[in-house]
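Trainee: This is the structure, below, for whatever I ask next.
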Amino acid sequence: MDAAVGLPDAWSQVRAPVIVPLLKLAVAVCLLMSVLLFLERLYMAVVIVGVKLLGRRPERRYKCDPICEDDDPELGSAAFPVVLVQIPMFNEREVYQLSIGAVCGLSWPSDRLVVQVLDDSTDPLIKEMVRMECERWAHKGINITYQIREDRKGYKAGALKAGMKHGYVRECEYMVIFDADFQPDPDFLHRTIPYLHHNPEIALVQARWRFVNADECLMTRMQEMSLDYHFKVEQEVSSSVCAFFGFNGTAGVWRISAVNEAGGWKDRTTVEDMDLAIRASLKGWKFVYLGDVQVKSELPSTFKAFRFQQHRWSCGPANLFRKMLVEIVTNKKVTIWKKFHVIYNFFLVRKIVAHIVTFTFYCIIIPTTIFVPEVHIPKWGCVYIPTIITLLNSVGTPRSFHLLFFWILFENVMSLHRTKATLIGLLEAGRANEWVVTEKLGSAMKMKSANKASARKSFMRMWERLNVPELGVGAFLFSCGWYDVAFGKDNFFIYLFFQSMAFFVVGVGYVGTIVPQS
18 MDAAVGLPDA
28 WSQVRAPVIV
38 PLLKLAVAVC
48 LLMSVLLFLE
58 RLYMAVVIVG
68 VKLLGRRPER
78 RYKCDPICED
88 DDPELGSAAF
98 PVVLVQIPMF
108 NEREVYQLSI
118 GAVCGLSWPS
128 DRLVVQVLDD
138 STDPLIKEMV
148 RMECERWAHK
158 GINITYQIRE
168 DRKGYKAGAL
178 KAGMKHGYVR
188 ECEYMVIFDA
198 DFQPDPDFLH
208 RTIPYLHHNP
218 EIALVQARWR
228 FVNADECLMT
238 RMQEMSLDYH
248 FKVEQEVSSS
258 VCAFFGFNGT
268 AGVWRISAVN
278 EAGGWKDRTT
288 VEDMDLAIRA
298 SLKGWKFVYL
308 GDVQVKSELP
318 STFKAFRFQQ
328 HRWSCGPANL
338 FRKMLVEIVT
348 NKKVTIWKKF
358 HVIYNFFLVR
368 KIVAHIVTFT
378 FYCIIIPTTI
388 FVPEVHIPKW
398 GCVYIPTIIT
408 LLNSVGTPRS
418 FHLLFFWILF
428 ENVMSLHRTK
438 ATLIGLLEAG
448 RANEWVVTEK
458 LGSAMKMKSA
468 NKASARKSFM
478 RMWERLNVPE
488 LGVGAFLFSC
498 GWYDVAFGKD
508 NFFIYLFFQS
518 MAFFVVGVGY
528 VGTIVPQS
């Protein structure tokens, strides 16, 4: 009884001198981060409008005349540069034929095209299937090689690095990378290589991703909204303003001499693509983003695959920022403006602040203030700024504007994992270099969903789909909502109930495609 009576007294003694000042400080920090994020989004909106109005398209800023044999009939196919295409794979049973077939169908002189399939698969059956597919195309006259390693050291970066060690690579001028689920159109090389061929200062040409399964489920629609903003706004703005952006790891063409000058592939983080891009940029190389060149790809449609992907995409940049900050600051080859853009815009705001403020502010600080009414959050910070940021994000995918409400709730749920991953990367904790290959379903889902027996078995294993962290946060927000109904005055309970439901839905596993267990 004494302990029960003493608990409220202890709370009242700690509340005023400790809890209230700390919570006010947390609110101030979150409001500052929100303002930084708002200004970044506003800046990109202004720039992208200017780019469209002024017509600063890549073909107007750089020479990109087509390469053809007619320019010098005596050279014939020798007029075309030799291009190396690398396809890294890891147990890609469902999609390996799609990517290999699309690459082998590229319109380019066969004697000027070298294809490497870099297979790190651990399943012997899949390795044999991929090897036979390569042999099938080799018999058709395609210069394709199948390569394996004894171990997966360095993961994707290690595989790409190993592929570059072969002697014949020295004859290649450019290198193209396609992940196993990417399917380029036949004219891909004709639309990208000219930018490198005619402009010796350019190191990278990045194409845009187009998603073949965006309409598979609500989760893939949410991903499409986020990634379309990334490509249509972030990449476009960065390419136009300072000729720098993060390489997306696939659907891009590199000048091999630039890769070598930058130090080649490194496996010190899980974002080897971003690592190479920054090192090349610090050497003075320029990048070009081509939004009109689109490559078909697949979005992760299971929540487990998407969660692992987001961990890698959030942890890797934060860890790379930790490792490269001093190198960027002390670099002598680039301007102060480019350094500021890389450190502040590219890393600090987009890769760190955006993740941390979303979860901390909207899922922890705002709900907590309900129990401490002395702490007030201004309406501009919790309503106006996030509303404007959300509307600015919607410009990438106009067809999904009606899904903005669901997108906000889902992004807040995913911020739990992104914040955790960002902190792991910054602190270089245990999972900082964890690499889990994103699972691709291809047409597997259509085949498995027809098996009702398997579906019943999957339903019986529903407990395997539970996500405890999401259930915990959902319970916290739900309890905060009820407390606000009883004692609050800011009507936060409306948001809290909806957001808690989103956490509960994800927590019980009813998000994304549910793959029946065989």
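Counting from 18, one number per residue, gives the positions in the sequence shown under this note's numbering.
Using N, Cα and C, we set each Cβ at its ideal position, and we do this for glycine too.
(1) Do the CB positions of GLY281 and LEU221 come within less than 8 Å of each other?
(2) By DSSP's criteria, TRP125 is part of a beta bridge. Which residues make up the other side?
(3) Following the continuous alpha helix (DSSP H) through TRP154, name the residue where it begins and the one where it ends.
(4) Please name the residue, chosen from VAL310, PHE261, ILE405 and GLY398, that lies closest to THR352 on a Cα-to-Cα basis.
(5) Does the contact criterion of 3 or more C-beta pairs under 8 Å hold for the segment 499-517 versus the segment 378-398?
(6) If you scan the segment 46-120 from start to end, which runs of the beta strand (DSSP E) of 3 or more residues do you find wholly inside it?
(7) Alpha carbon to alpha carbon, what distance is there between LYS157 and ALA371?
(8) Please report how far the alpha carbon of TRP125 lies from the alpha carbon of ASN484, in whole angstroms.
(9) Could you give the uninterrupted runs of the beta strand (DSSP E) lying entirely in the segment 205-284, keeping only those of 3 residues or more?
(10) Excluding the five sequence neighbours on either side, which residues of its own chain have a C-beta within less than 7 Å of the C-beta of HIS434, listed in chain order?
(11) Identify, in the order they occur along the chain, each residue of the same chain with its Cβ nearer than 7 Å to the Cβ of ASN230, setting aside the five sequence neighbours on each side.
(12) Indicate the three-state DSSP secondary structure (helix, strand or coil) for VAL9 in the structure shown.
(13) Assign LYS350 to one of three DSSP states: helix, strand, or coil.
(14) Which of the three DSSP states, helix, strand or coil, is assigned to SER138?
(15) Could you give the DSSP three-state label for LEU316: helix, strand or coil?
(16) Please state the DSSP three-state secondary structure of MET181.
(17) Round the Cβ separation of LEU101 and VAL186 to the nearest angstrom and send it over; I've been treating them as touching at under 8 Å.
(18) Measuring CA to CA, which of ILE383, ASP204, THR267 and GLU233 is closest to MET291?
(19) Helix or strand or just coil, what does DSSP make of PHE323?
(20) Using the Cβ count rule (16 or more neighbours within 10 Å means buried), how would you classify MET106?
(21) What are the start and end residues of the alpha helix (DSSP H) that includes VAL502?
(22) Roughly how many whole angstroms lie between the Cα atoms of LEU409 and MET242?
(23) If we ignore side chains and look at the alpha-carbon of each, how far apart do ALA536 and PHE521 end up?
(24) For the putative contact between TYR212 and PRO75, defined by C-beta atoms under 8 Å, what is the C-beta separation to the nearest angstrom?
(25) Hey, could you find the ends of the alpha helix (DSSP H) GLN200 is sitting in?
(26) Going by DSSP, what residue range makes up the alpha helix (DSSP H) through ILE381?
(27) DSSP three-state call for THR377: helix, strand or coil?
(28) Should LYS457 and VAL112 be called a contact, given that it needs their Cβ atoms to be closer than 8 Å?
(29) Using the beta-carbon count (16 or more within 10 Å), is MET462 buried or exposed?
(30) Counting beta carbon pairs with one atom in the segment 429-448 and one in the segment 327-341, are three or more of them shorter than 8 Å?
(31) So the beta strand (DSSP E) ILE36 belongs to, where does it begin and stop?
(32) Taking just the CA atoms, how far does ILE345 sit from ILE394?
(33) Could you have a look at ASP292 and say whether DSSP puts it in helix, strand or coil?
(34) So does GLY175 have its beta carbon nearer than 7 Å to some heavy atom of the ligand NAD?
(35) What residues are listed by DSSP as bridge partners for PHE304?
(36) Quick check: what's the CA-CA separation for LEU337 versus LEU307?
Mentor: Based on what the coordinates show:
(1) no
(2) Partner(s): none; TRP125 has no beta bridge.
(3) 141-156
(4) PHE261
(5) yes
(6) 100-106
(7) 49 Å
(8) The alpha-carbon atoms of TRP125 and ASN484 are separated by roughly 48 Å.
(9) 219-228 and 269-272
(10) Cβ neighbours of HIS434 beyond the five flanking positions: ARG324, GLN327 and HIS328.
(11) THR237, GLU315, LEU316 and SER318
(12) Absent from the model: residue 9. The displayed extent of the chain is 18 to 535, so no value can be given.
(13) coil
(14) coil
(15) coil
(16) Of the three classes helix, strand and coil, the one that applies to MET181 here is coil, per DSSP.
(17) Taking C-beta atoms under 8 Å as the contact rule, LEU101 and VAL186 qualify, at a distance of about 6 Å.
(18) THR267
(19) PHE323: helix per DSSP, three-state reduction.
(20) buried
(21) Counting along the chain, the alpha helix (DSSP H) containing VAL502 begins and ends at 485-504.
(22) 11 Å
(23) Missing from the structure shown is residue 536; the chain here goes from 18 to 535 and no further.
(24) 7 Å
(25) Careful: GLN200 lies outside any alpha helix (DSSP H) and carries neither H nor E.
(26) Run containing ILE381: none; DSSP gives neither H nor E here.
(27) Helix.
(28) yes
(29) Bear in mind that the predicted position of MET462 carries a pLDDT of just 47, short of 50, making it too unreliable to give a figure here.
(30) yes
(31) From DSSP, ILE36 is part of no beta strand (DSSP E); its letter is neither H nor E.
(32) 37 Å
(33) helix
(34) This structure lacks the ligand NAD; in fact it carries no ligand of any kind.
(35) LEU221
(36) 26 Å
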